[in-house]
Structures are given as structure tokens and as C-alpha cells.
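Read through the structure below, which is laid out as C-alpha cells, and then see the notes.
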């Protein structure tokens with residue numbers, strides 16, 4: 001059996017490039033599996049694969065959205081894109097005949113990739129070939145939504161990687177030093193009469209593996225030349241073909257002879273595989289603020305892509321919030337590392353506002369707070385001073401990553417939003433006991449608090465205190481309800497839309513009354529959830545919202561979020577700053593009619609609040 005496997009692999013590239021001892025070891029760990037004709041070997045978008053599949057006998061087709069994108073036969077391998085990117089398979093594998101497969105465990109495959117450059121190069125280059133081939137097949141079949149982006153997206157639509165420049169006469173050691181400093185996997189080699197590129201692979205293959213001294217070898221001796229380049233207006237489909245044709249993993253992007261940056265195959269693959277998964281995994285692996293900043297710059301594009309593919313805004317919001325949580329957690333870890341001192345007491349970093357509700361879409365201002373346990377009797381460390389520096393460092397890193405600062409300074413760098421548990425409990429008592437506009441505003445910001453990093457029990461203690469104080473201070477709750485009805489929906493006579501100079505403010509008269517009113521009802525009824533839709537559901541289950549109002553509110557809220565995101569994306573494409581204003585001229589008649597209906601539901605909700613909770617409250 002083992003002999004049969006080894007002999008078979010010896011006759012099929014890239015396994016034939018492996019030394020006999022590695023082939024022998026590989027043959028011992030391979031599993032053999034039979035699939036009858038018509039059976040599915042794995043399905044598109046299911047969990048990431050655990051094996052590389054090699055066809056021993058028979059034929060397998062790879063399908064996506066009903067289109068056959070590849071037909072494989074004896075000796076062909078498949079499933080490697082999922083293994084390399086740690087993402088779900090982008091196609092479904094179907095046995096076209098009775099099939100016998102060799103299954104190579106993921107760990108073994110990755111070890112071979114790391115150890116043998118030729119073996120690795122076959123599969124990494126095949127990524128670009130596979131996607132290019134897929135795009136060609138889909139184009140022949142009239143196109144499918146999954147792959148349309150390769151035929152329509154241009155190089156200028158992607159974030160390019162900035163790389164260092166180096167002279168041909170400099171040493172390989174200097175090149176590697178610049179690459180490490182710039183967190184780059186390559187460097188552009190350029191002088192008046194020479195142009196090329198040096199990559200990590202060049203250094204490994206041409207210097208390290210030959211046991212040469214990097215300080216003595218010149219860059220021009222190992223660089224790849226000439227440069228293979230594309231232009232900003234080239235489509236990704238053409239870029240993939242260029243990579244495939246030249247057997248390369250990256251191309252230089254030039255405009256009018258000037259080098260703008262580098263585009264790698266994995267930047268394009270991130271579009272074909274799951275952007276969310278790719279970004280999250282890269283965030284977890286990131287070791288510097290610069291890496292995180294680059295990754296964060298991709299988030300808005302991901303939100304736009306999801307919206308264009310028909311993903312619901314509420315799903316996009318939750319996904320973006322999950323990603324932001326990863327960035328924040330990584331920023332906190334970097335802050336601890338830079339300070340060089342682990343916090344000696346437990347703490348909780350909390351996000352507030354739309355991020356706390358998991359309703360954030362495109363980038364918005366930071367809103368965060370921090371609570372630490374200050375109840376220890378005697379400590380050698382000044383906790384207030386430590387957490388002040390800690391908060392400042394976290395805010396600094398988040399700003400560098402790309403999280404915009406809060407204009408009202410509701411951030412952990414501000415001591416008002418960064419303090420011990422004792423002080424936080426006093427602050428809550430002060431806010432609840434004195435129902436003035438300032439305290440009502442601060443509570444409105446704070447009461448969507450959600451733990452992202454640290455000890456969740458501290459967040460839970462605060463929430464318990466909030467519920468206690470809400471029971472004791474009915475007047476403050478009433479003031480919060482008054483805030484809900486302060487801004488009326490922009491509806492005039494006969495239900496016509498009121499349009500300001502900038503357009504329709506969809507937040508002030510639509511989204512805000514819903515989030516504010518539902519938040520106050522949730523606090524009054526001791527509901528711990530922070531997401532508006534989750535709160536609505538709990539309120540309905542408790543009998544606070546009657547069925548018709550609950551159903552209407554849910555639909556109205558989702559539609560208002562949809563229209564706002566649609567408008568923000570349009571402004572983003574035009575190079576404008578996304579805001580809460582919607583241009584009614586950009587909406588169809590149906591969209592306008594639905595918008596009016598949504599605002600009528602908001603008015604209905606405000607009437608419900610006024611009738612049930614504000615009858616005896618002085619104006």
C-alpha cells in the first residue's frame with residue numbers, strides 16, 4: 001500500500017520534486033478514501049478544509065454558483081486554497097465518476113510548503129492560476145456574482161502595499177533591514193539604469209540556502225529583473241493572467257513610469273475567499289501598529305462589498321463590530337507590551353454608542369470607557385496613574401490604526417471615562433440622581449456599554465448598578481423618554497418628506513428615536529442586551545411592545561439603516577465624507593414611499609412613549 005502511494009506520487013508533480021525520504025514519510029500518513037459517482041467531497045462555504053486532496057483514480061469537478069470552474073483528473077490536487085488561506089472552500093467538489101482520493105493532512109501539507117520552496121511555489125502560484133482560470137470559465141458562462149468582481153474591479157480600487165526602495169549596489173543585508181523596518185516582503189531595486197525586485201524568497205533561495213554572507217552579496221546579484229508591472233486601470237482579471245503567465249506572486253503598479261506600490265496575489269485572493277475571515281486572521285497575526293493600520297484600511301471596502309452583494313445592513317453591522325473588537329483587543333495587547341507592565345488588577349475595556357450596540361457600519365468616532373478594580377486594600381502601584389497612561393497609550397494606538405477620535409473626547413485617554421470601580425459607581429449615582437440635560441446626554445452615550453477586552457464581571461457589576469438606580473430614579477428615566485420624542489420624523493402635511501439643505505437627516509428623526517427609546521425601555525425592564533434589535537425582541541417577549549408595534553419597528557429600523565448605509569456608500573465612492581443625510585433625489589419612488597412609511601412607524605413609536613410613559617411628566 002505505502003509502496004503504491006509512493007510510486008504514484010513520484011510520477012506526479014509537485015510531489016516528484018520532494019526527496020525520497022520525504023515521500024516515504026508522506027506515504028505513511030496519507031489516508032485513502034473512496035467517493036461514489038455524484039457524491040459531494042466538500043461543499044462551498046463550509047468550514048475550512050483539513051486535507052489536501054489528490055486524485056488517485058477518477059474525475060472531480062469544482063463548481064461555484066452552478067458553474068463548472070474546473071475539471072480534474074488523475075494526479076491533480078485540489079483544496080489547497082482553503083488550506084493556505086485558512087478559509088472555507090470557494091467551490092463545491094463533486095465526484096464525476098467513482099473516485100479514489102489520497103488525503104494529505106493539513107499540518108503535513110504546511111510542513112512540506114515551509115520546507116521545500118519548489119513545492120510551495122507550485123501551490124502559491126497555482127492560487128493565481130486557479131482564480132484566473134475560474135474567472136475565464138465564469139465569463140464564458142455569462143458571469144456569476146461571486147466572480148464578477150474580478151471582471152469589473154480595477155487595480156486602483158485595491159489598497160496597494162508600500163515597499164522600500166534600494167540601490168542595486170547595496171548589500172542584501174541592507175535590503176532585508178529595510179524590508180523588516182517597513183514590514184514588507186519585498187523591496188524595489190532602482191537606479192538610473194537598473195530596475196528590479198528582491199523578495200524574501202530571493203534572499204532565502206539565493207543567499208541563505210547557499211550559505212552566503214548577506215553583508216557581502218550585492219542586491220543586483222540576486223534581484224529579479226525586469227519588473228513585471230501593471231497599471232491602476234487594469235482589471236484584476238488581467239492582473240491574475242499576468243501573474244499566471246509569468247509564474248509570479250506579486251506585480252508592481254506603475255503610473256506614467258512612477259512606481260505606486262505592489263499588489264500581491266493574496267490581496268486579490270482576499271476578494272475571492274472570505275474577506276472577513278482573511279482580515280480577522282491577519283489581525284490576530286499582526287505584530288505592529290503599521291500592519292493593523294493597513295488591515296483597518298480594508299474594512300470600509302469590505303462593508304461596501306458585502307452591501308453590494310446583498311448582505312443585510314444588520315448583518316454587516318454585526319460583522320464590522322466583531323472585526324473592530326479584534327482590532328481593539330490587539331491594540332490593548334500592544335499597549336500593554338509597549339508599557340512593559342501587565343495590569344496588576346482586573347479591568348474591562350468597554351465600547352459605547354453604536355459600537356456598543358453592534359450597529360456600526362462605516363468608520364465612526366471612537367466612543368469607549370475603562371473600569372478597573374480599585375477595591376484592593378493596599379498596593380505598591382498608583383493605579384490611577386497606571387491606568388491613565390494605559391488609557392492614553394490605547395487611544396494613541398487606536399488613532400494610529402485609523403479609529404477616528406471622538407469630538408466630545410469620550411475616550412479612555414480622558415480620566416472622566418477611565419476610572420476605578422468605586423468612582424464609576426459614584427458617577428452613575430450622580431448621573432441618575434440629577435436629571436439634567438448634561439447627565440441625560442452622558443447616560444445616553446454610556447448605557448450601550450459592552451465589554452470587549454478584560455474582566456466582563458466588572459461590566460456586569462456596572463449593569464446591575466444601572467438597573468438598581470433606574471428603579472430608584474423614575475424621573476431620570478422620564479427625562480430619557482423625553483429625549484426619545486425630542487426630534488420628530490421629517491414628515492410634513494399630507495405625509496410629505498421635509499428636506500433640509502443637506503438632505504433628509506435620517507438619524508435625527510428616524511434612527512435616534514428608535515435606538516434611544518428602545519434603550520430606555522430596556523434599562524427600565526432590566527434587559528442586559530445592547531443591540532437594538534435584540535432589545536426589541538426581549539421587550540416583545542416581556543409584553544412591553546405589542547406585536548404590531550414590534551414588527552413595524554423592526555422593519556422600520558432595518559430599512560432606515562439600509563437607506564443610511566446606501567447613501568454613505570454613494571458618498572464614499574464620490575470621495576465625500578459619509579454622514580447621516582440622504583439625498584431624496586437619489587432614491588426611487590418606491591424607496592421614498594417606504595421611507596415615509598418607516599418615518600410613520602417612528603411617529604407611532606413616539607406616540608406610544610408619550611402616551612404610556614410621559615403623561616404625568618412636566619414639559
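Residue numbers (the UniProt record's numbering): 1 to 619.
From the three backbone atoms N, C-alpha and C, an ideal C-beta is built for every residue, glycine too.
Keep in mind that this is a model prediction, so the values were computed, not measured.
Inset, instruction - Look up residue 101 in the DSSP assignment and give the residues it is bridged to. - result: 33 and 55
Legend entry - Reference residue 435; option with closest CA among 481, 459 and 409: 481
Inset, instruction - Go ahead and label residue 451 buried or exposed: buried means 16 or more other beta carbons lie within 10 angstroms of its beta carbon, across all protein chains shown. - result: buried
Inset, instruction - Helix, strand or coil for residue 462, going by three-state DSSP, please let me know. - result: helix
Inset, instruction - Please name the residue, chosen from 219, 92, 417 and 104, that lies closest to residue 6 on a Cα-to-Cα basis. - result: 104
Inset, instruction - Return helix, strand or coil for residue 155, following the three-state DSSP convention. - result: helix
Inset, instruction - Helix, strand or coil for residue 684, going by three-state DSSP, please let me know. - result: With the chain represented from 1 up to 619, any question about residue 684 goes unanswered, as that position is not in the structure.
Inset, instruction - Given a cut-off of 8 angstroms, decide if residue 200 and residue 225 are closer than it, judged by their beta-carbon atoms. - result: no
Legend entry - Where residue 415 falls, given that 16 or more other Cβ within 10 Å makes a residue buried: exposed
Inset, instruction - Report all residues from its chain with a CB closer than 8 angstroms to the CB of residue 455; omit the five preceding and five following residues, and keep chain order. - result: 346, 347, 348 and 373
Inset, instruction - Would you be able to state if there are at least three C-beta pairs under 8 angstroms between the stretch 86-95 and the stretch 33-41? - result: yes
Inset, instruction - Could you tell me how far apart the beta carbons of residue 170 and residue 219 are, in whole angstroms, since I believe they sit closer than 8 angstroms? - result: 5 angstroms
Inset, instruction - Please confirm whether residue 88 and residue 117 have their CB atoms less than 8 angstroms apart. - result: no
Inset, instruction - Classify residue 224 as helix, strand or coil using the three-state DSSP reduction. - result: strand
Legend entry - Beta-carbon gap between residue 370 and residue 330 smaller than 8 angstroms: no
Legend entry - Between the CA atoms of residue 114 and residue 16 - distance to the nearest angstrom: 17 angstroms
Legend entry - Secondary structure of residue 385, DSSP reduced to three states: helix
Legend entry - Given 8 angstroms, three or more beta-carbon pairs between the stretch 49-62 and the stretch 70-85: yes
Legend entry - For residue 396, the nearest candidate out of 319, 304, 338 and 159 (CA to CA): 338
Inset, instruction - Using alpha carbons as the reference points, say which of 202, 443 and 215 lies closest to residue 173. - result: 215
Inset, instruction - Under the assumption that residue 197 contacts residue 203 (Cβ atoms under 8 angstroms), give the Cβ distance between them as a whole number of angstroms. - result: That belief does not hold up - the Cβ atoms of residue 197 and residue 203 are roughly 12 angstroms apart, past 8 angstroms.
Inset, instruction - Using beta-carbon positions only, say whether residue 282 and residue 533 come within less than 8 angstroms of one another. - result: no
Inset, instruction - Locate the alpha helix (DSSP H) running through residue 63, then write down its first and last residues. - result: Looking at the DSSP string, residue 63 is not in any alpha helix (DSSP H); the run it does join, the beta strand (DSSP E), is 60-64.
Legend entry - Element boundaries [alpha helix (DSSP H), containing residue 545]: No alpha helix (DSSP H) holds residue 545; DSSP gives it neither H nor E.
Legend entry - Identity of the residues DSSP links to residue 581 by a beta bridge: 505
Legend entry - Beta-carbon proximity check, residue 253 vs residue 242, cutoff 8 angstroms: no
Inset, instruction - Just grab the DSSP bridge partners of residue 94 for me. - result: 40 and 61
Legend entry - Segment contact flag, the stretch 592-609 with the stretch 564-580, C-beta cutoff 8 angstroms, min 3 pairs: no
Legend entry - Between the CA atoms of residue 528 and residue 474 - distance to the nearest angstrom: 19 angstroms
Legend entry - Extent of the continuous beta strand (DSSP E) run through residue 255: 250-255
Legend entry - Reduced DSSP secondary structure (H/G/I, E/B, other) of residue 218: strand
Inset, instruction - Label residue 381 either buried or exposed according to how many other C-beta atoms from any shown protein chain fall within 10 Å of its C-beta, with 16 as the threshold for buried. - result: exposed
Legend entry - With 16 other Cβ atoms within 10 Å as the buried cut-off, status of residue 340: exposed
Inset, instruction - Determine the extent of the alpha helix (DSSP H) in which residue 179 is found, giving its start and end residues. - result: 172-181
Legend entry - Start-to-end residues for the beta strand (DSSP E) that takes in residue 348: 347-351
Inset, instruction - Using alpha carbons as the reference points, say which of 31, 35, 77 and 30 lies closest to residue 53. - result: 77
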